[in-house]
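Note that the sequence shown covers residues -25 to -1, 1 to 302 in mature numbering (1 follows the signal peptide of the UniProt record, and there is no 0). Glycine included, C-beta positions come from ideal geometry on N, C-alpha and C. None of these values were measured; they are calculated from a predicted model. Remarks on the structure that follows.
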Amino acid sequence: MKFFKALACATAVAAVALSSTVASAAGYPERSITMIVPFSAGGPTDTVSRLVAEAMSKDLGQQIIIENVGGAGGTLGAGRVANAEPDGYTVLLHHIGMATSATLYRKLAYDTLKSFEYVGLVTDVPMTIVARKDMEAKDLKGLIDYAKTHKDTVTVANAGIGAASHLCGMLFMSAIQTALVTVPYKGTGPAMTDLLGGQVDIMCDQTTNTTKQIQGGTIKAYAVTSPKRLDVLKDVPTAVEAGLAGFEVGIWHGIYAPKGTPAAVTERLSKALKVALKDPNVAARFAELGTAPSPEADATPAALKAKLESEIARWKPVIQSAGQYAD
Ligand code: MLT
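Take a look at the structure:
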């Protein structure tokens, strides 16, 4: 008899828990939401996040507050969200680093494919190979020659192992078969400050952080990593045009929630994301910065899940052949 009483009690507790989750999902969101950006303020991920969060907030009727948690190539911020309450009030906006870090890091504070729920894809941002404005090289070939002949002193900025800038820098060094001196930052926002000041020589960073500086002549651009030239940087050749065969990389961004976040919540967030990506201001700002919103069909949990899984598989052999890991 005791067993059935215990079972009835457990069932009642589970029913209350479920109903409160469903109820909370039904009224969601009832308060502001924290969006963790796993890089420093002022960088490309921060720029994308603030634009999208502002537009999503309008649809949700609650403020999305950005919190920058930089460090370890974005994995510290991702770990914060993986271990947050799965109630829909903490989300993560991260990029390709979610996929590359799964291979780059021998141990993470989370399981990339088991610790998150998915909201949707946000945008796919091209990168630019840039240098301090007084860099002597006139073109990418000249920059490569300069890097090879000064390999022990040329510095390449990145935002830590797992960052997009790290991935692009790694691909660049593999392509020119030369290891350069890398300088890690907590984001390419602070790295850009040093590039503008000439304290660091080269960086591969997203157009969302470099377009205005290139247009203003405060840094030098040598290539874009997109398949075609960009309207906002018409004079900058693609890396393939400039001689780096196959050198194409796009930095896709997605929004995640902690595992266990109710599907009704992630679906509501996905709806707000779709509205945000159709916001004319978001589309205009993205265009000015060399990128574009993801298509509506990609702003879904299923699309982000598929993208993350395929990108982990795509980059694993590339990273293993480059032999760069973080312990
Ligand atoms: C940033 O937002 O600082 C960048 O995404 C860092 C990186 O991934 O290179």
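Indicate whether A30 and D273 have their beta-carbon atoms separated by less than 8 Å.
No, they are not a contact pair.
Close-in-space but distant-in-sequence residues of the same chain around K291 (CB under 6 Å, 5 per side omitted):
T78, listed in sequence order.
Can you give the Cα-Cα distance for G119 and Q37, rounded to whole angstroms?
Note on residue identity: the sequence assigns Ile, not Gly, to residue 119. Roughly 49 Å separates the two Cα atoms.
Once the 5 residues before and after S24 are set aside, which same chain residues still bring their CB inside 8 Å of it?
For S24, same chain residues with a beta-carbon under 8 Å away, outside a window of 5 residues either side, are M10, V12, I41 and L68 in chain order.
Between the C-alpha atoms of E216 and P237, what's the straight-line distance to the nearest angstrom?
Each residue's CA atom was taken as its position, placing E216 and P237 some 47 Å apart.
Opposite I71 in the DSSP bridges: which residues?
As far as DSSP is concerned, I71 takes part in no beta bridge.
So residue 311 and K280 are supposed to be a Cβ contact under 8 Å. How far apart are they, rounded?
Lying outside -25 to 302, the shown extent of the chain, residue 311 is not represented and no answer is given.
Beta carbon of K282, beta carbon of G225: below 8 Å?
No, these two residues do not count as a Cβ contact at 8 Å.
Determine, using beta carbons only, whether V131 and V156 come nearer to each other than 8 Å.
Against a cut-off of 8 Å, the Cβ pair of V156 and V131 comes out as a contact.
Rounded C-beta distance between T185 and I194? I'm assuming under 8 Å.
Rounded, the Cβ-Cβ distance is 7 Å, consistent with contact.
In this structure, does DSSP put H228 in helix, strand or coil?
In the three-state scheme derived from DSSP, where H, G and I count as helix and E and B as strand, H228 is classed as strand.
Where A(-3) falls, given that 16 or more other Cβ within 10 Å makes a residue buried:
Because the pLDDT at A(-3) is just 48, under 50, the model does not fix this residue reliably, and the point stays unresolved.
Considering A16, what are the terminal residues of the alpha helix (DSSP H) in which it resides?
For A16, there is no enclosing alpha helix (DSSP H), as DSSP marks it with neither H nor E.
What span of residues does the alpha helix (DSSP H) with I119 cover, start to end?
Bounds of the alpha helix (DSSP H) holding I119 are L115 to T124.
In terms of residue numbering, what span does the beta strand (DSSP E) encompassing K246 cover?
No beta strand (DSSP E) contains K246, which is instead part of the alpha helix (DSSP H) from A238 to L252.
Those residues, in chain order, that have a beta-carbon closer than 5 Å to some heavy atom of the ligand MLT
Residue list for the ligand MLT: F14, G18, P19, T20, A134, A138, A139, S140, G162 and T163 (CB closer than 5 Å to any heavy atom, chain order).
Pairs of beta-carbons, one from the stretch 204 to 212 and one from the stretch 240 to 259, closer than 8 Å: are there three or more?
No, they do not touch.
Which residue comes first and which comes last in the beta strand (DSSP E) that contains E111?
For E111, no beta strand (DSSP E) segment is defined, and its DSSP state is neither H nor E.
Is N256 buried or exposed, if buried means 16 or more other CB atoms sit within 10 Å of its CB?
The residue is exposed, with fewer than 16 neighbouring Cβ atoms inside 10 Å.
Look at the alpha carbon of A198 and the alpha carbon of K108, and state the distance between them as a whole number of angstroms.
The straight-line gap from Cα to Cα measures roughly 14 Å.
Run through DSSP, which three-state label would I39 get?
Three-state result, I39: strand.
Give me whichever residues DSSP pairs with E92 in a beta bridge.
In the DSSP output, where bridge partners are listed per residue, E92 has A232.
Would a check of beta-carbon distances place A47 closer than 8 Å to chain D?
Among the chains of the structure shown, chain D does not appear; only one protein chain is present.
In DSSP terms, what K195 is bridged to:
As DSSP reads the structure, K195 sits in a beta bridge with A106.
Any contact of the stretch 231 to 246 with the stretch 48 to 68, i.e. 3+ C-beta pairs under 8 Å?
Taking 8 Å as the limit for Cβ pairs, the verdict is that the stretch 48 to 68 does touch the stretch 231 to 246.
Per DSSP, what kind of secondary structure is P202 in: helix, strand or coil?
Taken through DSSP and simplified to helix, strand or coil, P202 comes out as coil.
Which residue marks the beginning of the alpha helix (DSSP H) containing D169, and which one marks its end?
Residue range T163 to L171 is occupied by the alpha helix (DSSP H) that includes D169.
Quick one: what does DSSP say D34 is sitting in, helix, strand or coil?
In the structure shown, D34 adopts helical secondary structure according to DSSP, grouped into three states.
Buried or exposed by the 16-neighbour rule on C-beta atoms within 10 Å, applied to D114
Around the beta carbon of D114, a 10 Å sphere encloses fewer than 16 other beta carbons of the protein chains shown; the residue is thus reported as exposed.
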